[in-house]
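Engineer: full-length UniProt numbering puts the first residue of the sequence shown at 1, with every later residue one more than the last. My structure is below; once you've seen it, I'll send some questions.
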Amino acid sequence: MLGSKLNIYKKEWLEVIFQGRNQSYGAYELRQLSPRATNYGLAIVTTFVLLCSMGKFAYDHMPREQYVAPVMEVTPVTLDDLVEKIPEEKIEDPLPAENQPKQIAQDPPALDLIRFPEPTVVDARKAKDDVAAQDDFKDDKKSPARLTLKAMPGGSAIARGEFGDKKKDGEITGKGTGTLSGGDDKVHDMVALEIQPEPIGGIKTFMKWVGDNYQYPSAALEQGVNGVVMVSFVIEKDGSLTDIKVGRDLNFGTGDAAVTLLKKARKWSPGIQNGRPVRVAYSLPIRLNTIQQ
């Protein structure tokens, strides 16, 4: 048997092994089906490998749209850009002399006033005003003035102020309404003042006070918020800070914390215009750095 030339991969070798034995046993059937099962498995694996290779080849050679990253324009920002620039106050052109508004006398006159403009030599066709005759002033109860006005009982012998047809209360149009105290409630810009407002001890001392007393919100500390909070307010005539608003906020309660702090600030030295205290608009940048906290 050892010298036999039977091939162990052929059916004859299987017959020799199971000769005289129960060939209905499972091992006999398995060995009979083994070559066919092996061929089927090899064919399936080969087909799968070929399909994968063809799919990979087709995917690699498939035309694709090239992705173009969008170009982002970066604008450099400097510290000067963070400070809000205060617009220059517009200076109105003066009105012509003939259109200048006039003031009404502060006191009623005790004498009848007759308009007597300053005489000027012009062509008769261009003359606009009729000059009163000198005979009109012979009466002791009449007096020359810039307009005609009847005397009033209890009036002043010498009325104070200028005479005219419009009242000028501080505005160039002559139609504005002044305050009872004669003050100016307009909010002025810093650039147009004679004397600018200033905190007690100077602006450096004030900024140090802001940095030492600013309470960082817990949410801002957790988020690591850094940047500049821009706050605007009005410095009143008595130096107090009012109308405090947040112009630029970093969120997480940073703006509200700045408003709360400025409400506790001491009074400033007020701004001065025409020798009087005036209300002044002011913008203050507060730089936050949670890393130092």
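For each residue, glycine too, the CB sits at the ideal point set by N, CA and C.
1) Have a look at the DSSP bridge pairing and note the partners of residue 59.
2) Where does the unbroken alpha helix (DSSP H) through residue 191 begin, and where does it stop?
3) Please confirm whether any heavy atom of the ligand ZN lies closer than 8 Å to the CB of residue 245.
4) Sorted by chain position, which residues of the same chain lie with C-beta nearer than 7 Å to residue 275's C-beta, five sequence neighbours on each side aside?
5) Looking at residue 231: is its Cβ nearer than 9 Å to the Cβ of residue 250?
6) Which two residues bound the contiguous beta strand (DSSP E) that contains residue 245?
7) Please report how far the alpha carbon of residue 240 lies from the alpha carbon of residue 70, in whole angstroms.
8) Taking one C-beta from the stretch 198 to 218 and one from the stretch 254 to 265 each time, how about it: are there three or more such pairs within less than 8 Å?
9) Taking DSSP's pairing of strands, which residues face residue 272 in a bridge?
10) I need the straight-line Cα distance from residue 279 to residue 189, nearest angstrom please.
11) Measure the CB-CB distance between residue 277 and residue 229 and report whether it falls below 9 Å.
12) Are the beta-carbon atoms belonging to residue 281 and residue 252 less than 9 Å from one another?
Structural biologist: Reading from the atomic positions:
1) Paired residues: none, contrary to the question.
2) Where residue 191 is concerned, there is no enclosing alpha helix (DSSP H), given that its DSSP letter is neither H nor E.
3) Absence of the ligand ZN is noted for the structure shown, with no ligands found whatsoever.
4) none
5) With respect to residue 250, residue 231 sits apart: the two C-beta atoms are not nearer than 9 Å.
6) Segment 241 to 248, the beta strand (DSSP E) holding residue 245.
7) 51 Å
8) Judged by Cβ distances under 8 Å, the stretch 198 to 218 makes contact with the stretch 254 to 265, as three or more pairs qualify.
9) 195 and 277
10) Here the alpha carbon of residue 279 sits roughly 9 Å from the alpha carbon of residue 189.
11) Their beta carbons are not under 9 Å apart, which means residue 277 does not touch residue 229 by this criterion.
12) no
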